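Participant:
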Ligand SMILES: [Zn+2]
């Protein structure tokens, strides 16, 4: 009987291991799993059907001849980036933008759109398995025109869930009563509401309402008294409200890097030459049309409020609040996906440590969507959405620009190949 049992286990384990031979192995990488801030040196990650199957020494991984191997000796492997504030252009331009994101290492994208029909985009992308796109988190955009009762919001929530949208982005709100109706209904129906800070509502009320993320440091940036600011920050922490500061939007919209600094943007390292040329032309045209003096005056005027935003970001960080990286691209020198690098560098300049920056672009976004069991770290069973970098971003955040390869659903995309398509 004992022998029979042993035989049974032997057969069972052989069957199981043959079922679990990987279809891809990233070999001998230095792994930044994002479960903590250590780098595990020289290990291999085996992938099957888009999931992480095993993390081990290469020779300990069972493999067959169909298994693809990516040599990653001396390189760094970490979870793909989540761009948490991006707008997609209309249908015919959306594909290029999605491609740029994948090229840059973005594997999740929170769509903060206004005009695009997101349900139609979702249907099209899902029906075409050749499309190259990060995993998209679609939104319903709520504006001050949606003056709904709680019951009307209830039916909206059902519709949102039915169409597979992930959250409501608040663009603007009609009044306090509508805000109450919205949050009552959203909390009851477990739908995420986030977005622009509703300016007419008291900040404590917003923080305690269940509002999930505040964009552009709204609300907090209007508090002048420093002890009142600290109280709101501590409440933000207590209620687990995320903040997505989008510093790069301010920097480019208010020309804060004019006249010289913009030439040092990381995009100069990555973007195709014809993009850079087009942006230079466009930028100079705007400067000439507005007049250099006026540009510099606006910059001077806006600089203190930008410094204030940086200060608030630092205070949120020092008080262990939840942060997410979103770069809000759209202007010149803000190539989608790649703009995440600029935003990460902006955070570093604001005094945020590299591990927190990387966490805010990987594990925190997964936590935001309550999908931390599925993605955001390199662990067995998680989605195989990863990036390979030439240099370690924990050592210097600027190394994020050395991303070479994006692995998405187990598919391999080389940055240089995708850039050639643009
Ligand atoms: Zn935006």
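Numbering (my numbering), first residue to last: 1 to 422. Where a beta carbon is used, it is the ideal one built from N, C-alpha and C, also for glycine. Since the structure is predicted, the reported quantities are computational estimates derived from the model, not experimental observations.
Please classify residue 178 as buried or exposed, where buried requires at least 16 neighbouring CB atoms within 10 angstroms.
Facilitator: It counts as buried.
Participant: If you draw a straight line from the C-alpha of residue 243 to the C-alpha of residue 255, how long is it?
Facilitator: Roughly 23 Å between the two C-alpha positions.
Participant: Ignore the nearest five residues each way along the sequence and tell me which others in residue 24's own chain have a CB closer than 6 Å to its CB.
Facilitator: Excluding residues within five positions, the ones whose Cβ falls inside 6 Å are 47, 68, 410.
Participant: For residue 216, I'd like the list of residues in its chain whose CB is within less than 6 Å of its CB, leaving aside the five on either flank, ordered along the chain.
Facilitator: Same-chain partners within the cutoff: 246.
Participant: Starting from the Cα of residue 35, find the closest Cα among 194, 369, 364, 405 and give me that residue.
Facilitator: Answer by Cα proximity: 364.
Participant: At 4 residues or longer, what runs of the alpha helix (DSSP H) sit wholly inside the region 30 to 104?
Facilitator: Here the runs fully enclosed are 91 to 104.
Participant: Answer yes if the region 116 to 128 comes into contact with the region 82 to 90, meaning at least three C-beta pairs across the two stretches below 8 Å, and no otherwise.
Facilitator: Taking 8 Å as the limit for Cβ pairs, the verdict is that the region 116 to 128 does touch the region 82 to 90.
Participant: Counting pairs of beta carbons, one from the region 334 to 342 and one from the region 282 to 295, are three or more of them closer than 8 Å?
Facilitator: Result no; under three Cβ-Cβ pairs closer than 8 Å.
Participant: Residue 315: which of 262, 293, 236 sits nearest, CA to CA?
Facilitator: Among 262, 293, 236, the Cα nearest to that of residue 315 belongs to 236.
Participant: Going by the C-beta, is residue 250 closer than 6 Å to any heavy atom of ligand 1?
Facilitator: It does not: the Cβ of residue 250 is nowhere closer than 6 Å to a heavy atom of ligand 1.
Participant: Can you give the Cα-Cα distance for residue 390 and residue 404, rounded to whole angstroms?
Facilitator: Each residue's Cα considered, the two are about 7 Å apart.
Participant: Excluding five sequence neighbours on each side, which residues of the same chain lie with their C-beta closer than 7 Å to the C-beta of residue 206?
Facilitator: So the list reads 197, 198, 219, once near-sequence residues are dropped.
Participant: Taking three-plus beta-carbon pairs below 8 Å as touching, is the region 353 to 368 in contact with the region 294 to 308?
Facilitator: With the cut-off at 8 Å, the region 353 to 368 and the region 294 to 308 do not touch.
Participant: Let me know the secondary structure DSSP gives residue 171 once reduced to three states.
Facilitator: Looking at residue 171 - three-state DSSP - the assignment turns out to be coil, as it is neither helix nor strand.
Participant: Tell me the rounded alpha-carbon separation between residue 17 and residue 62.
Facilitator: The predicted model places residue 17 with a pLDDT of 47, which falls under 50 and marks its position as unreliable, so this point remains unresolved.
Participant: Ordered along the chain, which non-local residues of its own chain (more than five positions away) have a Cβ less than 6 Å from that of residue 83?
Facilitator: 106, 109, 340, listed in sequence order.
Participant: With a floor of 3 residues, list each beta strand (DSSP E) that falls wholly inside the region 194 to 274, ordered by position along the chain.
Facilitator: Qualifying beta strand (DSSP E) stretches, in chain order: 213 to 215, 242 to 244.
Participant: With DSSP run on the structure shown, which of helix, strand or coil describes residue 139?
Facilitator: Three-state result, residue 139: strand.
Participant: Tell me whether the region 366 to 383 and the region 252 to 267 touch, counting them as touching only if at least three CB pairs, one residue from each stretch, are closer than 8 Å.
Facilitator: They do not touch, by the three-pair rule.
Participant: Based on the DSSP secondary-structure assignment, which residues constitute the bridge partners of residue 413?
Facilitator: According to DSSP, which records beta bridges pairwise, residue 413 is partnered with 406.
Participant: Would the beta-carbon of residue 328 be found less than 6 Å away from any heavy atom of ligand 1?
Facilitator: Under cutoff, so the answer is yes.
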